[in-house]
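Report on one structure; see the data block that follows.
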Amino acid sequence: MLQQADGEVLAIDKQEIETQVEVKSGETLALGGIFTRKNKSGQDSVPLLGDIPWFGQLFRHDGKEDERRELVVFITPRLVSSE
1 MLQQADGEVL AIDKQEIETQ VEVKSGETLA LGGIFTRKNK SGQDSVPLLG
51 DIPWFGQLFR HDGKEDERRE LVVFITPRLV SSE
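Residues in the sequence shown are numbered from 1 upward in steps of one, following the numbering used here.
What follows is the structure in structure tokens.
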């Protein structure tokens with residue numbers, strides 16, 4: 001949760017991954033394995049025509065949606081000298 005200056009509270013979808021690695025300066029590290037999945041179902045119809053009994057089935061569509069995502073974060077550390 002984050003609180004703004006006006007006092008409004010915002011919700012954040014938080015996912016965590018924890019690991020320990022050794023990487024040389026300039027090498028890229030890929031962190032993955034954070035998955036999300038959404039299932040949606042609903043009905044689309046033509047207004048009025050979709051509400052007519054029996055006949056309305058011609059103007060309706062039942063839909064299902066299955067969405068899967070994987071978050072992969074690429075990190076490339078670089079050492080900076082203080083000369």
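For every residue, glycine included, the Cβ atom is placed at its ideal position computed from N, Cα and C.
Determine, using beta carbons only, whether residue i and residue j come nearer to each other than 9 Å.
{"i": "ARG78", "j": "SER25", "result": "yes"}
{"i": "PHE55", "j": "LEU48", "result": "no"}
{"i": "LEU31", "j": "PHE59", "result": "no"}
For residue i, which residues from the same chain have a beta carbon less than 6 Å from its beta carbon, with the 5 sequence-adjacent residues on both sides left out?
{"i": "SER41", "result": "LYS64"}
{"i": "HIS61", "result": "ASP44"}
{"i": "THR36", "result": "ARG69"}
What's the gap between the Cα of residue i and the Cα of residue j?
{"i": "ASP44", "j": "ASP51", "result": "11 Å"}
{"i": "SER82", "j": "LYS38", "result": "47 Å"}
{"i": "VAL80", "j": "VAL21", "result": "19 Å"}
{"i": "ASP66", "j": "GLN15", "result": "20 Å"}
{"i": "ILE17", "j": "GLU8", "result": "28 Å"}
Provide the residue(s) that pair with residue i in DSSP beta bridges, ordered along the chain.
{"i": "THR36", "result": "ARG69"}
{"i": "PHE74", "result": "ALA30"}
{"i": "GLY63", "result": "GLY42"}
My assumption, with CB atoms under 8 Å, is that residue i sits in contact with residue j. Please give the rounded CB distance.
{"i": "ILE34", "j": "GLU70", "result": "7 Å"}
Excluding the 5 residues flanking residue i on each side, which residues of the same chain have their C-beta closer than 8 Å to its C-beta?
{"i": "THR76", "result": "GLY26, GLU27, THR28, LEU29"}
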